[in-house]
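Visitor:
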Amino acid sequence: MHKIGLLTVLAGALLTTSAIVPAVGQEEVILRLLPYHTDAMVENFNPNNPTGPQQRTRDFTYEPLWIENVWNPDADVPGLAMSYEIAEDLKSVTWKLRPDTKWSDGEDFNADDVVFTFDYAKAHPDYPMGIDVYSEETGTGNVVSAEKIDDLTVRFNLHEPDSLARYGQGQIYPLPEHIWSSVDDPKNFANTTPVATGPWTEVRNFSRSGYEVCRNELSHYNADNKIDCLSFPQMNGNEQTVAALSAGDLDWLGDGLTDPDITFLPQSEFNNYWLPAGSDVNLQLNTTKAPFDNLEFRKAMSVAIDRDTLVDISTFGLTTHTRFPIGTGEMFNTWYDEAALQPYEWLMQYTPEKAIELLDAAGFVDKDGDGWRDNLDGSPISFGISMPSGWTDWVNTGQTVAENLQDVGINASLKTMDEGAWFDGVPQGNFDVYVMWTNGGATPFSQYQPMFNPRLMVPGQIDFQAMHQLVIPGIEEALDKFRSTSDRDAQLADIGEVHKLVAENVPVISLFANPTWYEYSTRHFTGWVTEDDPRYRPQVHDGTRERVLHALSLQPVE
Amino acid sequence: MSEIVQTPGLSRPLRAENAAEVLRPPSQAELMAELGLKSRPGWTSRLPPGLAAFVTNGKGMVGVIILLALILTALFAPLLTSYDPNRRAGKPHVQPGYEHVLGTTRMGKDAFTQLVYGGRVSLTVGIGAGLAAAMIGLALGISAGYFGGRTDDIITFFVNVVLVLPGLPLIIVIATMVETAGPPVIGLVLALTGWGWAARTIRTQTLALRAREFVLAAELMGEKKWRIILIEIFPNMLSFVMGGFVLGTIAAILAEAALEFIGLGDPNSVTWGTMLYWAQKNLALQSGAWWEIWPPCIAIMLTGAALVLINFAVDEITNPQLKASRKIGRIKRFLSRRGRSADVF
Amino acid sequence: MIFLLRRLAFYIGAFFLAVTFNFFIPRLMPGDPSARIIASFQGRLNESQVEAIRKSYGFTGSLWEQYVTYVGSIMRLDFGISTVQFPEPTASLLFYAATWTLVLVGLAIFFAFTIGSFMGIHAAWHRGGFFDSFFTPINVMLNAFTPAIVALLLFYAFSLQLQWFPLGRAHSTSIMPSFSFEFIGNVLYHATLPVLSIFLVSFGGWHLGMRNVMINLLNEDFVILAKAKGLSDRRVRYRYVARNAILPQITALALSIGFLLGGALVTEQVFNYPGLGKFTFTAIGSRDYSFIQGQLLLLTASVLVANLLSDIANVILDPRLRT
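Residue numbers (this note's numbering), protein chains in the order written: chain A, 23 to 580; chain B, 645 to 989; chain C, 4 to 326.
Written out as structure tokens, the structure is:
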């Protein structure tokens with residue numbers, strides 16, 4: 023009796039434990055990710071607030087019209103729109119919206135919301151929604167109006183023909199009209215209970231040290247969504263994030279790491295990273311000043327720079343080489359015409375003898391006997407490479423560039439300054455030289471347009487990309503042609519023309535390609551994007567619309 | 645009450661051991677040796693009394709020797725190393741060895757070279773700022789204390805303002821206005837914000853001196869005011885100026901290192917602070933490159949320690965009570981061995 | 004009374020000086036938050052949008068109007084909205100950061116003051132002995148080892164290598180703030196190393212201060228009399244000498260508590276502690292003017308109040324000042 027009783031108890035215990043196991047499996051699946059470092063979380067879920075909230079709410083909570091799959095352009099994924107159609111005259115784009123879509127509070131999503139979103143952006147230019155609204159007053163921008171065709175069709179009308187307009191319109195994040203129509207000051211609106219259509223919309227457990235956003239049952243992703251909640255912890259500093267990822271408190275990260283093989287990988291068997299080449303980094307030269315107004319001088323600078331050292335040492339071996347001196351890099355290699363660019367490849371080779379030869383031939387010699395080369399008119403050459411003091415890898419880069427230039431007799435030095443002062447100085451356009459990132463995007467147009475638009479070269483409003491201030495009419499023409507055709511071959515030819523003109527004029531000096539920062543842990547999830555499976559751009563940061571698909575494609579570890 | 649009186653049992657056996665010697669009266673030489681006194685005054689007695697007090701102060705001299713060694717190393721940096729502190733001299737993170745005495749940094753710069761050249765800048769900034777602060781403090785402190793009245797009110801107001809001024813935000817504001825917060829800028833700001841304590845102390849001392857007979861006598865004799873200040877008051881302030889200088893230098897060296905460490909300096913300059921900054925930024929600790937982080941740490945700590953020792957000496961000269969206490973242990977022991985109360989001290 | 008009134012007048016004057024200084028900071032520093040926001044769009048904003056954003060972060064009105072508005076809002080304790088932690092009111096952020104600073108620096112000052120003072124008493128009483136001649140210089144030297152180094156070494160040894168303590172933060176992310184033993188224990192566990200690093204570089208000062216004042220007092224007549232009366236050692240040491248010696252220490256303590264709200268920038272930076280120093284540093288880097296101004300004002304006000312309190316204490320304790 024006793025024994026049997028014991029056995030039953032044991033069997034019962036076994037039964038209950040076996041019953042519990044699936045229950046554990048059904049426990050909430052939480053993906054922990056860190057798109058943004060901060061000292062304290064703020065209860066703000068405004069999708070167009072660039073000081074942090076946007077990093078966490080876009081894509082995951084608020085959906086764009088279209089998800090550009092930048093690495094696989096043929097496999098674009100619809101967002102809130104199902105398809106688009108560019109008009110024959112390139113003066114409008116018509117979007118078919120996703121049917122039967124509901125906002126997370128149960129209201130229907132339809133064309134009215136998209137039209138409202140556009141009108142809202144137009145009414146609030148200081149609220150940065152990233153929509154290229156046309157302004158009659160200044161003649162800038164291109165989208166004139168949004169027109170409702172039917173409940174699920176919207177047409178954006180353009181001021182000028184533009185084959186690229188759909189790229190910009192695809193990244194509109196529609197706002198629910200029934201919520202935002204009563205918000206007068208969107209810039210200062212905290213949007214504490216977000217109403218959206220993305221897979222995770224329900225905020226819970228908010229504190230200054232983190233919060234969770236949980237499943238939106240009404241989302242069209244819901245059936246395939248294996249992740250119940252996203253958790254955004256508050257963290258700041260690499261030591262912390264690396265430790266958290268190693269300990270399993272974080273799954274997905276995008277931090278700049280030094281020596282990841284020593285400082286990151288050994289910390290945990292689950293730690294992984296992959297740093298695919300990102301956007302290029304250029305040296306911008308102010309061509310309104312001597313000696314940078316001299317083409318031979320710019321060419322000499324380009325060959326005087328030791329890019330191997332820049333890549334291997336100054337940037338810790340995490341960056342990659344750029345092949346051609348065209349201001350953009352491998353990110354847009356589908357646009358290369360290699361044969362046409364071959365003749366310019368020498369500009370990327372480290373040949374100090376060639377630099378000396380070019381400088382001597384152009385007349386940049388030491389006239390006053392101080393050991394440094396002088397300008398053609400005899401005035402001494404002495405310039406600074408301006409750099410915010412906290413950007414350490416670029417400070418290293420600037421130091422190496424200065425050393426390289428000193429080796430060929432050019433008196434260059436690194437000038438570090440406060441970051442705010444640097445940001446303030448750029449639009450004035452009076453720096454000599456600085457190191458500059460380039461813009462990402464679907465086509466190289468997004469880089470060349472701000473780089474060569476003369477309207478962005480007006481002192482006081484100079485774009486970060488346009489500090490060189492070298493007006494090259496041929497490039498403007500080619501870019502205009504590029505924008506006004508949707509024929510891929512014609513576009514290739516136009517970009518080819520731009521490439522050639524950049525390589526000939528050397529308005530900027532290409533240095534290397536920045537890495538795309540991506541670290542992840544396989545402790546709780548598998549199925550991450552890897553070098554062998556590059557289905558999406560893998561960053562966790564805002565600006566990568568694919569990140570929501572990446573998250574949804576992960577498999578929780580049993 | 646002294647322990648001896650309360651616990652006679654403890655001291656008795658001690659005396660018993662020495663019983664044989666006690667029978668014979670000790671020679672003077674033995675007594676002096678026990679008290680740690682020298683029989684003949686050394687060469688130091690020929691020095692001016694202030695200096696002699698300093699030279700005979702053990703702690704102070706140790707401090708001076710350490711500091712001198714650091715200064716000399718920095719001064720003769722070009723003789724000690726053939727590398728350029730600003731340039732790469734080898735592969736990244738080379739271990740210390742023959743080629744690179746203290747190894748190389750993540751950027752491949754020679755750590756020893758950076759250390760000795762960095763010492764030049766760090767010590768110059770620290771000592772310069774300390775000296776400037778002491779001088780400003782001296783000038784304002786004496787003026788306020790001696791002239792009194794409205795002058796005193798105005799100066800005291802500014803002294804108080806400087807004392808409550810948050811230094812860090814000020815330095816950042818100034819740094820952003822001049823674009824680059826290089827070591828000279830940091831030194832200047834530290835000098836301009838660091839004179840408050842010196843001025844306050846010297847003012848108090850001057851107030852006390854002003855009422856003394858020799859100053860009054862000089863005034864009655866119709867001496868010019870600047871002469872009284874220079875000849876009667878200033879010499880009495882020397883040790884306070886010295887104290888202000890030493891404390892100011894410590895503060896300046898530490899503040900410079902801290903500011904540069906958190907990234908408010910010019911990362912392009914080579915100082916102990918920026919060495920620490922780069923070591924931390926490049927994760928030297930995490931990647932096992934101890935030689936990138938320890939040398940500047942030790943250099944800063946040694947400088948701090950040396951200056952503290954010097955300050956001890958200055959304190960003891962300023963305040964003879966503290967100095968007397970240095971010998972008190974010996975005298976107490978001397979007396980207690982003879983069963984006498986040591987309570988008078 | 005006249006003395007106190009004069010001091011009060013000074014404090015009010017100094018406060019307005021600080022307010023004015025605060026007012027000019029953002030107008031003297033180049034750059035505002037808009038440049039950073041615009042840069043983050045990587046060229047996806049057109050010119051009129053850039054212009055609108057610039058304008059919305061800039062200053063409008065004449066300098067005098069701005070000053071009057073500013074002083075008015077200060078009087079209402081309205082510190083504006085933080086632009087880094089947008090749109091959090093600066094006041095509530097300051098309160099949050101100040102709480103952690105109080106935990107961190109408060110604990111450190113408490114331990115440094117008590118332990119340092121007791122060591123000072125001990126060293127002075129046995130002056131010239133082993134403890135005095137060995138620990139006094141050592142402790143004061145520790146004082147001259149910058150917090151940057153001490154914090155870094157502690158962090159390296161106990162957080163990175165031995166992993167006895169966490170790598171920064173005020174508490175683990177997995178625990179929700181509450182008044183439970185678990186949470187408070189977690190906070191103390193996280194605070195151990197940062198507190199220790201501040202403690203190590205500050206207790207030597209209290210030690211030396213106490214020792215020097217004590218030594219000067221030991222030769223005063225009232226102490227010799229007390230000894231002569233045959234009072235117990237303990238009684239003379241604590242009731243007679245230490246009690247008098249502690250007065251200047253208390254004044255210094257008041258001042259350091261005033262500066263407490265400046266935060267411990269370097270330590271907070273190394274241990275990623277969410278205190279005022281760290282927030283201020285971030286705010287300065289990203290030109291969060293309302294936070295910078297709020298923090299400076301808080302700091303100045305607390306230093307001035309601490310000074311005023313120590314003045315009042317001095318008047319009460321020293322009758323000569325009452326005229």
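Even for Gly, the Cβ is constructed at its ideal location relative to N, Cα and C.
Note that the structure is a prediction, hence the values are computed from the model and not measured.
1. Please name the residue in B:ALA950, B:ASN963 and B:ARG981 whose C-alpha comes closest to that of PRO140 (chain C).
2. Give me, in chain order, the residues of the same chain whose beta-carbon lies closer than 7 Å to that of ALA500 (chain A); leave out the 5 immediate sequence neighbours on both sides.
3. Could you tell me if THR93 (chain C) is buried or exposed, where buried requires 16 or more neighbouring beta carbons within 10 angstroms of its beta carbon?
4. Just to confirm, is the Cβ distance from ILE780 (chain B) to ALA788 (chain B) under 7 Å?
5. Between which two residues does the alpha helix (DSSP H) harbouring PHE884 (chain B) extend?
6. Buried or exposed: which applies to LEU191 (chain C), given that a residue is buried once 16 or more other Cβ atoms fall within 10 Å of its Cβ?
7. Can you tell which of C:LEU312, C:LEU302, C:ALA160 and C:VAL87 has the C-alpha that lies nearest to the C-alpha of PHE18 (chain C)?
8. Since TRP274 (chain A) sits in a beta bridge, which residues does DSSP pair it with?
9. Three-state secondary structure (DSSP) at TRP550 (chain A)?
10. Whole-angstrom Cβ separation of LEU436 (chain A) and ASN912 (chain B), contact assumed at under 8 Å?
11. Can you check whether the C-beta of PRO736 (chain B) is within less than 7 Å of a C-beta belonging to chain A?
12. Taking only beta-carbon positions, decide if ALA194 (chain C) is within less than 7 Å of chain A.
13. Grouping DSSP H, G and I as helix and E and B as strand, with all else coil, what is SER408 (chain A)?
14. Around the C-beta of PRO44 (chain A), are 16 or more other C-beta atoms found within 10 angstroms, so that it is buried, or is it exposed?
15. Please state whether the Cβ-Cβ distance between ILE582 (chain A) and VAL225 (chain A) is less than 7 Å.
16. For THR285 (chain C), which residues of its own chain have a beta-carbon under 7 Å away from its beta-carbon, when the five flanking residues on both sides are left out?
17. Using beta carbons (cut-off 7 Å, strictly below), is ARG290 (chain C) in contact with chain A?
18. Going along chain B in order, which residues have a C-beta closer than 8 Å to the C-beta of LEU20 (chain C)?
19. Verify the CB distance criterion: does ILE141 (chain C) have a CB-CB separation below 7 Å to chain B?
20. Looking only at its chain, what residues have a beta carbon closer than 6 Å to the beta carbon of GLY123 (chain C), apart from the 5 residues adjacent to it on each side?
21. Establish whether the CB of ILE40 (chain C) and some CB of chain A are separated by less than 7 Å.
22. Buried or exposed: where does PRO277 (chain A) fall if 16 or more other Cβ atoms within 10 Å of its Cβ makes it buried?
23. What residue range does the beta strand (DSSP E) around TYR456 (chain A) cover?
24. Nearest chain A C-beta to LEU834 (chain B) closer than 7 Å, yes or no?
25. Look up ILE84 (chain C) in the DSSP assignment and give the residues it is bridged to.
26. Give a yes or no on contact between the stretch 417 to 434 of chain A and the stretch 335 to 344 of chain A, applying the rule of three or more CB pairs nearer than 8 Å.
27. Could you compute how far the alpha carbon of LEU307 (chain C) sits from the alpha carbon of THR848 (chain B)?
28. Please compile the residues from chain A whose C-beta is within a distance smaller than 7 Å of the C-beta of ASN926 (chain B).
29. In chain order, what residues of the same chain have a beta carbon less than 8 Å from the beta carbon of LEU163 (chain C), not counting five sequence neighbours either side?
30. When you compare each of A:MET439, A:ALA312 and A:LEU576 to PRO33 (chain C) by their alpha carbons, which one comes out closest?
31. Would LYS18 (chain A) and LEU305 (chain A) be called neighbours here (beta carbons separated by less than 7 Å)?
32. Taking the alpha helix (DSSP H) that LYS118 (chain A) falls in, what are its first and last residues?
33. Mapping DSSP to helix, strand and coil, what is PHE13 (chain C)?
34. In chain B, which residues lie less than 7 Å from MET2 (chain C) when you measure between Cβ atoms?
35. Do you know how far the Cα of THR309 (chain A) is from the Cα of LEU492 (chain A)?
36. Would you check if the stretch 857 to 873 of chain B and the stretch 726 to 744 of chain B touch, i.e. whether three or more CB-CB distances between them fall below 8 Å?
Guide: The answer reads as follows:
1. B:ALA950
2. Annotation for ALA500 (chain A): ASP516, GLU519 and VAL520 place their beta carbon closer than 7 Å to its own, counting only its chain and skipping 5 residues before and after.
3. With a threshold of 16 other beta carbon atoms within 10 Å, THR93 (chain C) meets it and is buried.
4. no
5. 878 to 905
6. exposed
7. C:LEU302
8. A:LEU55 and A:TYR542
9. coil
10. 5 Å
11. yes
12. no
13. When secondary structure is reduced to three states using DSSP, SER408 (chain A) falls in the strand class.
14. Interpretation of PRO44 (chain A) is limited by its pLDDT of 38, a score under 50 that renders its predicted location unreliable; no figure is taken from the coordinates.
15. Because chain A spans 23 through 580 in this model, residue 582 (chain A) falls outside it and cannot be assessed.
16. VAL87
17. yes
18. VAL805
19. Chain B, which has no Cβ nearer than 7 Å to the Cβ of ILE141 (chain C), makes this no.
20. HIS210, MET213 and ARG214
21. yes
22. Note that residue 277 (chain A) is Asp in the sequence shown here, rather than Pro. Burial call: buried.
23. 455 to 459
24. Chain A, which has no Cβ nearer than 7 Å to the Cβ of LEU834 (chain B), makes this no.
25. C:PRO92
26. Short answer: they touch.
27. 21 Å
28. THR280
29. LEU170
30. A:MET439
31. The structure shown has nothing for residue 18 (chain A), since chain A only spans 23 to 580.
32. Careful: LYS118 (chain A) lies outside any alpha helix (DSSP H), inside the beta strand (DSSP E) at 114 to 119.
33. helix
34. The question about residue 2 (chain C) has no answer, for chain C in this structure spans 4 to 326.
35. 6 Å
36. no
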